[in-house]
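Residue numbers (the numbering used here): 74 to 358. Glycine residues also receive a C-beta, built at the ideal position from the N, C-alpha and C atoms. Read through the structure below, which is laid out as structure tokens, and then see the notes.
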């Protein structure tokens with residue numbers, strides 16, 4: 074069924090649909106030593122502290138036309154941060170037609186969208202493997218709205234706000250609302266893919282795959298950065314300081330990490346990256 078703006082506006086009472094966007098980003102870094110890991114975590118904690126995350130979520134509120142009611146934020150020890158913003162409905166006088174299009178949303182300098190009510194949260198998870206030399210930073214952002222505007226309109230800005238190697242995105246519409254004649258509507262906008270809300274210049278940077286359950290209004294998209302430059306994954310030095318063997322090994326480790334995150338499956342045993350001296354010692358035993 075195709076929806077028009079007129080159909081969306083002519084509801085019986087409040088729009089009771091809940092539209093939830095879950096945006097998960099991963100930044101991966103090779104940190105060989107304890108000092109490198111600590112420096113990377115310190116950088117992440119500074120780059121994505123609670124104050125900066127609050128600014129990002131406040132811009133999301135602006136994009137979806139919400140009024141901020143309350144902000145709860147916290148920086149954690151030894152690392153990580155969380156922010157929760159409760160927002161209320163905005164004065165919806167006329168919902169712009171582009172609110173219903175499968176198209177990228179605006180950046181903060183061009184905000185024209187509005188919604189009824191929402192909450193927005195972010196939690197960060199700096200993580201590392203003590204032996205494998207890989208540090209992974211994850212940020213989980215959830216935007217849940219009840220109203221005319223889909224939180225997918227904030228996706229364009231969120232992608233611009235983080236340096237990321239892997240992104241997983243979930244979108245689901247729950248519940249139902251009624252039109253003026255009392256008929257139930259289980260979704261109030263057309264959607265075929267989350268990718269349609271991402272600009273072409275961003276899509277060109279990633280390999281993407283969809284896993285959608287259309288009859289349940291569940292949509293899922295996985296994104297992995299297409300180009301690989303080892304210099305972008307080294308912290309405090311460049312690949313020129315490494316031997317060809319080291320470059321190959323580190324590249325293999327980093328790409329294995331990204332493959333596992335995208336697939337959600339452990340594809341490589343940690344033993345394949347054992348130190349050669351340790352392997353020789355085991356053989357002697």
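Exercise for the section: Look up residue 338 in the DSSP assignment and say whether it is helix, strand or coil. Expected result: coil
Exercise for the section: Classify residue 317 as helix, strand or coil using the three-state DSSP reduction. Expected result: helix
Practice task
Only counting runs of 3 or more residues, tell me where the beta strand (DSSP E) segments fall wholly within the segment 193-264, in order along the chain.
Solution key: 207-219, 239-247
Handout entry: Integer Cβ distance of residue 280 from residue 297, believed to fall under 8 Å
Key = 5 Å
Practice task
Answer yes or no: does any C-beta atom of chain C fall closer than 8 Å to that of residue 223?
Solution key: Among the protein chains of the structure shown there is no chain C, as only one such chain exists.
Problem - Cβ-based neighbour list, residue 223, same chain, cut-off 7 Å, excluding 5 preceding and 5 following - result: 92, 262
Exercise for the section: With a floor of 3 residues, list each beta strand (DSSP E) that falls wholly inside the segment 108-151, ordered by position along the chain. Expected result: 140-148
Exercise for the section: Apply the 10 Å Cβ neighbour rule to residue 268 and answer buried if 16 or more other Cβ atoms are within range, or exposed otherwise. Expected result: buried
Problem - With 16 other Cβ atoms within 10 Å as the buried cut-off, status of residue 110 - result: buried
Practice task
List the endpoints of the continuous alpha helix (DSSP H) containing residue 271.
Solution key: Premise fails: residue 271 is in no alpha helix (DSSP H) and is neither H nor E.
Problem - Exposure label - residue 340; buried when at least 16 CB within 10 Å - result: exposed
Practice task
Please go through the same chain and pick out, in chain order, the residues whose beta-carbon is closer than 6 Å to the beta-carbon of residue 145, but skip the five residues on each side of it.
Solution key: 157
Exercise for the section: Could you tell me whether the Cβ atoms of residue 306 and residue 212 are closer together than 8 Å? Expected result: no
Practice task
State the start and end residues of the unbroken beta strand (DSSP E) segment that holds residue 91.
Solution key: 91-103
Handout entry: DSSP-derived helix/strand/coil call for residue 283
Key = strand
Exercise for the section: Would you tell me roughly how many angstroms separate the C-alpha atoms of residue 104 and residue 325, rounded to the nearest one? Expected result: 14 Å
Exercise for the section: Out of 195, 294, 236, state which residue places its alpha-carbon closest to the alpha-carbon of residue 116. Expected result: 236
Problem - Identity of the residue in 241, 255, 139, 303 nearest residue 317 by Cα - result: 303
Practice task
Measure from the alpha carbon of residue 151 to the alpha carbon of each residue in 118, 132, 135, then state which is nearest.
Solution key: 118
Handout entry: Contact set for residue 228: own chain, Cβ-Cβ below 6 Å, skip 5 residues either direction
Key = 270
Exercise for the section: Kindly indicate which three-state DSSP category residue 88 falls into: helix, strand or coil? Expected result: coil
Exercise for the section: Specify the secondary structure class of residue 324 as computed by DSSP and reduced to three states. Expected result: helix
Practice task
Look at residue 293 and residue 243 and say whether their C-beta atoms are less than 8 Å apart.
Solution key: yes
Practice task
Work out the CA separation of residue 245 and residue 265 for me, nearest whole Å.
Solution key: 12 Å
Practice task
Please confirm whether residue 102 and residue 301 have their CB atoms less than 8 Å apart.
Solution key: no
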